[in-house]
Amino acid sequence: DGGITQSPKYLFRKEGQNVTLSCEQNLNHDAMYWYRQDPGQGLRLIYYSQIVNDFQKGDIAEGYSVSREKKESFPLTVTSAQKNPTAFYLCASSGGTGAFYEQYFGPGTRLTVT
Amino acid sequence: QQQVKQSPQSLIVQKGGISIINCAYENTAFDYFPWYQQFPGKGPALLIAIRPDVSEKKEGRFTISFNKSAKQFSLHIMDSQPGDSATYFCAASKGAQKLVFGQGTRLTINP
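Listed below in structure tokens is the structure:
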């Protein structure tokens, strides 16, 4: 059963703590992405990776960090430096190296920081 | 110039009617225009996509109309059903560049 998995579905943290969101894909896609979605807004790109061991900042990378040690995995760490971390986080992947065509999304992780 | 403007923000359509959502862009270099459907609490799902070499693409009840000269594209949902109630996002990209998403349209189909 191919697809993108994100865990956990809901995550609660105290302010000042770092938290890592998991994203795994078994689609054999080269590129992976992290987006943030706030109520009533579109998707904003946090980080993306077109190949293992390489990643680039998106539009709102401040306060976030990523790693891409394996093709299947692209974890996102929300650091304590992120001013407003409560949001719905979406991971996506696409098949073409260097291409953003046909991105497929995971089910998302809703992070609440209090 | 990188923005994609989507309208309306919300839309209510009667069952069986036609739902129309519009998007406009500025960057004439964009060459890929997908539409995504998102249900509450779920990730967006790719619905249909078009490239600028065609003016229309149809998949079942969903049609994208593309007007290159006006830099606009729209999603038409024919015979709208309550199960179509969701948030719809348009997007655009050029080659290896990132997808730029519209703000989304919350569609409600009344039974």
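Sequences listed follow chains R and P, in order. Taking this note's numbering, I'd label the letters of the first sequence as residues 1 to 114. Taking this note's numbering, I'd label the letters of the second sequence as residues 115 to 225. Glycine residues also receive a C-beta, built at the ideal position from the N, C-alpha and C atoms. Computed from a predicted structure; not experimentally measured.
With distances taken between CA atoms, residue 222(P) lies nearest to 195(P) out of 205(P), 195(P), 148(P) and 207(P). For residue 104(R), the neighbours in chain P by C-beta distance under 7 Å run, in chain order, 160. Within its own chain, the residues whose Cβ lies closer than 8 Å to the Cβ of residue 53(R), once the five positions on either side in sequence are excluded, are 68 and 69, listed in chain order. The shortest C-alpha to C-alpha distance from residue 182(P) to any of 201(P), 141(P) and 132(P) is the one to 141(P). Between the alpha carbons of residue 34(R) and residue 103(R) lies a gap of roughly 11 Å.
In the structure shown, residue 30(R) adopts coil according to DSSP, grouped into three states. Rounded to whole angstroms, the separation of the alpha carbons of residue 167(P) and residue 112(R) is 44 Å. By the neighbour-count definition (other C-beta atoms within 10 Å, threshold 16), residue 165(P) is an exposed residue.
Flagged as an interface residue toward chain P: residue 92(R), by a C-beta distance shorter than 9 Å. Non-local C-beta neighbours of residue 193(P) in its own chain, meaning closer than 7 Å and more than five positions away in sequence, comprise 130 and 175, ordered along the chain.
Taking 9 Å as the cut-off, the Cβ atoms of residue 203(P) and residue 45(R) do not count as close.
For residue 41(R), the chain P residues whose C-beta falls within less than 8 Å of its own C-beta are 217 and 218, listed in chain order.
Contact of residue 21(R) with chain P is not assigned, every C-beta pair being separated by 9 Å or more. As the crow flies, the alpha-carbon of residue 6(R) is around 30 Å from that of residue 137(P). DSSP links residue 73(R) through a beta bridge to 24(R) and 70(R). Distances from the alpha-carbon of residue 153(P) to those of 220(P), 143(P) and 216(P) put 220(P) closest. Residue 39(R) and residue 160(P) have their C-alpha atoms spaced approximately 20 Å apart. If you draw a straight line from the Cα of residue 179(P) to the Cα of residue 15(R), it comes to about 46 Å. Taking a contact as a CB-CB distance under 8 Å, the pair residue 92(R) and residue 108(R) does not count as one, their CB atoms being some 10 Å apart.
Counting only residues of its own chain and dropping the five nearest sequence neighbours on each side, residue 88(R) has a CB closer than 7 Å to the CB of 37, 108 and 110. Inclusion of residue 3(R) and residue 28(R) in the CB contact set at 9 Å is not warranted, their separation being larger than that value.
Secondary structure at residue 198(P): helix, using DSSP grouped into helix, strand and coil. Look at the segment 143–204 of chain P and you find these whole runs of beta strand (DSSP E), each 3 residues long or longer: 147–152, 159–164, 170–173, 176–181 and 186–191. With contacts defined as CB atoms closer than 9 Å, residue 20(R) and residue 77(R) qualify as a contacting pair.
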